[in-house]
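Here's the structure we're looking at; comments come further down.
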Amino acid sequence: MKPPPMPDYHPPTDTIEVLHRDESLLVVVKPAGLLSVPGKDPAHADCLLSRLVADDPRVLLVHRLDMDTSGVMVFARTAAAQRHLGLQFERRHLRKTYIARVAGHVAGDQGRIDLPLIADWPNRPLQKVCFETGKPARTDWKVVERGADTTLLRLFPLTGRSHQLRVHCREMGHPILGDRFYGGPPAPRLMLHAARLTLRHPEGGAEVSFSLDVPL
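Read left to right, the sequence shown gives residues 1 to 216 (the UniProt record's numbering).
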C-alpha cells in the first residue's frame with residue numbers, strides 16, 4: 001500500500017494552549033494539523049516547536065506527535081530536564097492515554113493488541129506488522145461509548161512505536177476515522193488525541209499528570 005501524497009500544509013493558526021509551565025517543564029496542547037518539528041521542505045517550517053521557541057528560547061524538544069494527531073505534549077526548559085524526560089520516554093517510565101474514534105462497533109469492552117511493528121521501508125512513513133523483524137508493540141484499549149457506526153476508545157500504549165495506535169486499530173478491523181494512511185473513513189481530521197500524560201517531575205521526581213479531553 002503506497003502512502004497518499006502529503007496534502008498541502010495549512011497549519012492551524014490558533015493560539016497554543018498552555019496547560020503548565022514551571023522552571024523545568026512546559027506542557028501544551030498540540031492542535032491537529034500542526035507539525036511537532038519542522039519538516040525538510042521549507043514550506044513545512046512552521047511547527048509547534050518553532051512557535052514555542054519564538055516565545056521562550058529555553059524550550060527544548062522531548063517527544064513528538066504525528067502532524068494529524070492532537071494532544072498533550074511536554075517540553076523541557078533546561079538541558080537537565082530534557083535528559084531526565086528523555087530517559088523516562090526511553091525506559092517507558094511514564095504513562096500515556098489517548099482517545100480515538102474508530103470505525104464500526106468494537107466487540108468486547110476492553111482488550112490488548114500485541115503485534116510487532118516495523119517501518120514499511122518502500123512505503124515510508126507507513127508502518128507494518130512483521131512477526132519476523134518487527135519490534136514489540138502492545139496497546140491496551142477500553143470502550144468509552146458506541147455510536148451509530150463508530151466506537152470511542154481509550155488507548156493505552158505500552159510501547160512507543162511510530163504509528164502504533166493507528167496500525168493497531170487498523171489491525172483490529174477498526175481503523176481510526178480520518179486516518180489517510182491506514183484506511184480510516186473520511187472525517188474532518190484524524191480522530192486521535194493524546195489526552196493524558198503522567199510522568200515524574202525532573203525536579204524531585206514527584207508523579208504529575210496533565211490531561212485534556214476533546215470531543216471526537
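Glycine included, C-beta positions come from ideal geometry on N, C-alpha and C.
Remember, it's a predicted structure, so these values are computed and weren't measured experimentally.
**Report entry** Residues of its chain near R64, where Cβ-Cβ distance is below 7 Å and the 5 sequence neighbours each way are ignored
**Finding:** Counted from its first residue, the sequence shown places residue 64 at position 64. So the list reads S36 and V37, once near-sequence residues are dropped.
Requested in this report: From the DSSP output, in three-state form, read off P186 for me.
Outcome: Taking the sequence shown and counting its residues from 1, one reaches residue 186 at position 186. The answer is coil: DSSP assigns P186 none of H, G, I, E or B.
Report task. Could you give the DSSP three-state label for F89: helix, strand or coil? Result -> On the sequence shown, position 89 is the one that residue 89 refers to. Helix.
Report task. For Y182, I'd like the list of residues in its chain whose CB is within less than 7 Å of its CB, leaving aside the five on either flank, ordered along the chain. Result -> Mapped onto the sequence shown, residue 182 falls at position 182. Cβ neighbours of Y182 beyond the five flanking positions: R166, V167, R170 and P175.
Query - Beta-carbon proximity list for E207, same chain, < 7 Å, skipping 5 on both sides - result: Taking the sequence shown and counting its residues from 1, the one referred to as residue 207 is at position 207. Leaving aside the five residues that flank E207 on each side, the residues in its chain whose CB is nearer than 7 Å to its CB run, in chain order, T198 and R200.
Query raised in the report: Whole beta strand (DSSP E) runs in the region 89-118 with 3 or more residues, listed along the chain?
Result: The region 89-118 contains, as complete beta strand (DSSP E) runs of 3+ residues, the segments 95-103 and 110-114 (chain order).
Query raised in the report: Would the beta-carbon of Q110 fall within 9 Å of that of A119?
Result: As a working note, residue 110 is residue 110 in the sequence shown. As a working note, residue 119 is residue 119 in the sequence shown. Taking 9 Å as the Cβ cut-off, Q110 and A119 do not qualify as a contacting pair.
Requested in this report: May I have the straight-line CA-CA distance separating V29 from G134, to the nearest angstrom?
Outcome: As a first step, residue 29 must be located in the sequence shown, where it is residue number 29. As a first step, residue 134 must be located in the sequence shown, where it is residue number 134. Those two C-alpha atoms are separated by around 31 Å.
Requested in this report: State the beta-bridge partners of G71 as determined by DSSP.
Outcome: As a working note, residue 71 is residue 71 in the sequence shown. Bridge partners of G71: K30 and A194.
Query - Distance between R154 and L212 (C-alpha atoms, nearest Å) - result: The residue you call residue 212 lines up with position 212 of the sequence shown. The residue you call residue 154 lines up with position 154 of the sequence shown. Taking the CA atoms as reference points, L212 sits about 13 Å from R154.
Query raised in the report: Per DSSP, residue 219 is paired with what?
Result: Residue numbering for the chain in the displayed model covers 1 to 216; residue 219 lies beyond these limits and cannot be assessed.
Report task. State buried or exposed for V59, treating a residue as buried only when at least 16 other CB atoms are found within 10 Å of its CB. Result -> Within the sequence shown, residue 59 is the residue found at index 59, counting from 1. Looking at its Cβ environment, which holds 16 or more other Cβ atoms inside 10 Å, V59 is buried.
Query raised in the report: Should R196 go down as buried or exposed, given a rule of 16 or more other Cβ atoms within 10 Å for buried?
Result: Taking the first residue of the sequence shown as position 1, residue 196 is located at position 196. The residue is buried, with at least 16 neighbouring Cβ atoms inside 10 Å.
Query raised in the report: When the Cα atoms are used, what is the spatial distance from F89 to T159?
Result: Sequence index remark: in the sequence shown, residue 89 carries index 89 (1-based). Sequence index remark: in the sequence shown, residue 159 carries index 159 (1-based). Their backbone Cα atoms lie some 10 Å apart in a straight line.
Query raised in the report: Taking C-beta to C-beta, are P57 and G33 nearer than 9 Å?
Result: Walking along the sequence shown from the start, residue 57 turns up at place 57. Walking along the sequence shown from the start, residue 33 turns up at place 33. No, the Cβ-Cβ distance between P57 and G33 is not below 9 Å.
Query - Cβ-based neighbour list, P202, same chain, cut-off 6 Å, excluding 5 preceding and 5 following - result: Here the question's residue 202 lines up with position 202 in the sequence shown. For P202, where only same-chain residues beyond five positions count, the Cβ hits under 6 Å are S24, A81 and H84.
Requested in this report: State the start and end residues of the unbroken beta strand (DSSP E) segment that holds D140.
Outcome: In the sequence shown, counting from the first residue as 1, residue 140 sits at position 140. Annotation: the continuous beta strand (DSSP E) that includes D140 extends over R138 to R146.
Query raised in the report: DSSP state of S36, grouped into three classes?
Result: Here residue 36 corresponds to residue number 36 of the sequence shown, with the count starting at 1. Note: S36 maps to coil in three-state DSSP.
Query - Rounded straight-line distance, which links the Cα of A100 to that of A107 - result: Indexing the sequence shown from 1 puts residue 107 at position 107. Indexing the sequence shown from 1 puts residue 100 at position 100. One C-alpha to the other measures close to 16 Å.
Report task. Can you give me the start and stop residues for the alpha helix (DSSP H) that residue 219 sits inside? Result -> The structure shown does not extend to residue 219, since the chain is modelled only from 1 to 216, so the question has no answer here.
Query raised in the report: So, is the C-beta of I99 closer than 9 Å to a C-beta in chain D?
Result: Included in the structure is just one protein chain, with no chain D present.
Query raised in the report: CA-CA distance, P116 and S162?
Result: As a first step, residue 116 must be located in the sequence shown, where it is residue number 116. As a first step, residue 162 must be located in the sequence shown, where it is residue number 162. Spanning the two alpha carbons is a distance of roughly 11 Å.
Report task. Sort Y9, Y98, F156 and L94 by Cα distance to I113 and report the nearest one. Result -> On the sequence shown, position 113 is the one that residue 113 refers to. The candidate whose alpha carbon is nearest that of I113 is F156.
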